[in-house]
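A.B. asks: At position 216 of the sequence shown (counting the first as 1) the number is 216 in the UniProt record's numbering, and the numbers step up by one without a gap.
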Amino acid sequence: MRLVRFNDDRLGLLTDDDGIIDVTDDLGLETNDPLKEYARKDLDASEYESEDADYDREEVTIESPVRRPGKVIAAPLNYENHVEEALADKDIVTEEWFTIEDKGYFLKAPSSVAGPEDGIELPFNDRRVDHEIELGFVMGEDVKDIDADDVWGAILGYTILLDVSVRGDQDRSNRKSYDTFTIIGPCVTTPDEFDDPHDLEMELQLNGETKQQENTGGMIYSCADIVEYASIGATIEAGDVITTGTPEGVSAIEGGDTIDAEIEDVGAMTVDVTERDLAFEDVNVQKSQKDD
């Protein structure tokens with residue numbers, strides 16, 4: 001199945017011919033975050049796959065599959081070719097190479113999550129901001145202290161995630177948490193749709209030019225490894241989003257750009273980039289003055 005959230009609070013199944021079967025009412029979903037509710041209630045929409053589509057994809061607005069995940073957990077430097085790229089470009093990383101084992105995962109603000117039709121809005125016009133295509137996935141149940149071998153049954157499905165990143169010396173969670181800096185979509189594809197999440201071709205094109213192209217088999221730490229590590233310190237909840245790192249080929253984006261991202265058997269999406277008329281150098285943080 002390919003699960004989509006559309007028109008703000010509807011859950012649907014995306015068909016092979018780009019139709020959408022609305023399953024919201026059939027499943028008794030009542031919140032404005034229906035995929036998270038679907039996961040928490042352990043529902044199954046597969047019985048509706050053979051029904052006629054209620055909409056064409058072009059008739060609706062496709063949103064981020066999860067409106068507000070409790071957590072977005074991200075793996076740093078998880079492809080060896082991106083490690084080499086990052087070490088050669090001090091705009092990407094200002095320290096020596098480190099892995100999940102060295103420094104752990106990092107978190108992105110849930111408010112940074114947006115759908116492909118929302119687009120990416122760059123906060124500053126004088127800072128380098130890069131695209132990063134990643135295989136992401138949504139958890140289907142709560143887990144804590146889970147072994148990697150047991151993770152697979154707890155994953156609801158896989159999705160494309162664009163981890164947008166301002167380069168600089170600020171903390172990673174700061175630079176990657178601006179609004180629209182976590183684009184997810186267009187759907188969550190359940191694990192039964194392909195054999196191995198670590199054997200999928202992914203590609204990102206910027207204005208029609210291929211920038212990133214890699215097989216997910218290039219990950220250093222697997223999807224299950226990341227969840228196992230993260231669950232040691234925190235309960236991973238149904239609806240949380242995990243993302244697995246980007247391969248080499250990251251490059252700067254600017255207002256007016258168009259990104260086309262595709263992961264084999266998972267989905268494809270087109271995302272437009274806009275830019276605010278604001279310079280980082282003009283942003284001043286004033287310290288409040290306390291009375292003696």
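Glycine included, every Cβ here is placed at the ideal spot set by N, Cα and C.
Closer than 8 Å, CB to CB, is P65 near chain D or not?
C.D. replies: Checking the listed chains, one finds no chain D in this structure; it contains a single protein chain.
A.B. asks: Just tell me which of D145, E201, G217, E275 has its CA closest to the CA of N78.
C.D. replies: G217
A.B. asks: In the DSSP assignment, what are the bridge partners of T243?
C.D. replies: Looking at the DSSP assignment, T243 forms a beta bridge with A74, G136.
A.B. asks: What do you get for residue 341, buried or exposed, if any count of 16 or more other CB atoms within 10 angstroms of its CB means buried?
C.D. replies: As displayed, the chain neither begins before 1 nor continues past 292, which places residue 341 out of reach and without an answer.
A.B. asks: For the pair the stretch 219-232 and the stretch 173-192, tell me if three or more CB-CB distances fall below 8 Å.
C.D. replies: no
A.B. asks: Measure the Cβ-Cβ separation of T243 and D163 and say whether it is below 8 Å.
C.D. replies: yes
A.B. asks: If we count the other Cβ atoms within 10 Å of its Cβ and call it buried at 16 or more, is K108 buried or exposed?
C.D. replies: buried
A.B. asks: If you draw a straight line from the C-alpha of D196 to the C-alpha of D240, how long is it?
C.D. replies: A straight line joining the alpha-carbon of D196 with that of D240 spans about 21 Å.
A.B. asks: Go to R5, then tell me how far its beta strand (DSSP E) extends in each direction, as first and last residue.
C.D. replies: 2-6
A.B. asks: Please list, in chain order, all residues of the same chain as D260 whose beta carbon is under 6 Å from its beta carbon, the five residues on each side excluded.
C.D. replies: Result list for D260: Q205, T270, in chain order.
A.B. asks: Would you decide whether V66 is buried or exposed? Buried here means 16 or more other CB atoms lie within 10 Å of its CB.
C.D. replies: So V66 counts as buried.
A.B. asks: For K41, does the count of other Cβ atoms within 10 angstroms reach 16, so buried, or fall short, so exposed?
C.D. replies: exposed
A.B. asks: What residues in its chain sit with their C-beta under 7 Å from that of P247, if we drop five residues either side in the sequence?
C.D. replies: Y79, N81, H82, Q212, E214, G218
A.B. asks: If you draw a straight line from the alpha carbon of R10 to that of E63, how long is it in whole angstroms?
C.D. replies: 10 Å
A.B. asks: In its own chain, which residues sit with a C-beta less than 8 Å from the C-beta of D292, not counting the 5 before and 5 after it?
C.D. replies: The predicted model places D292 with a pLDDT of 48, which falls under 50 and marks its position as unreliable; any figure quoted below should be read in that light. Same-chain partners within the cutoff: there are none.
A.B. asks: Hey, quick one: how far does the alpha helix (DSSP H) through V227 stretch, first residue to last?
C.D. replies: 223-233
A.B. asks: State yes or no: is the C-beta of G136 within less than 8 Å of the C-beta of T159?
C.D. replies: yes
A.B. asks: Indicate the three-state DSSP secondary structure (helix, strand or coil) for T190 in the structure shown.
C.D. replies: coil
A.B. asks: Output needed for A279: all residues of its chain with C-beta closer than 7 Å, excluding positions within five of it in sequence on either side, in chain order.
C.D. replies: F124, N125, D126
A.B. asks: Give the range of the beta strand (DSSP E) segment to which Y158 is assigned.
C.D. replies: 155-163
A.B. asks: So Y48 packs on L13, CB below 8 Å; how close in whole Å?
C.D. replies: Contact check for Y48 and L13: beta-carbon distance about 6 Å, within the 8 Å limit, so the pair qualifies.
A.B. asks: Can you give me the C-alpha to C-alpha distance between M202 and E237, rounded to a whole angstrom?
C.D. replies: 27 Å
A.B. asks: Answer with buried or exposed for V283, where buried requires no fewer than 16 other C-beta atoms within 10 angstroms of its C-beta.
C.D. replies: With fewer than 16 other beta carbons inside 10 angstroms of its own, V283 counts as exposed.
A.B. asks: Based on the DSSP output, what are the partners of Q212 in its beta bridges?
C.D. replies: L204
A.B. asks: Here's the rule: buried if 16 or more other CB atoms are within 10 angstroms of the residue's CB, otherwise exposed. What is E132?
C.D. replies: buried
A.B. asks: Where does G249 land, buried or exposed, given buried means 16+ other C-beta within 10 angstroms?
C.D. replies: buried
A.B. asks: Which residues share a DSSP beta bridge with G185?
C.D. replies: I160
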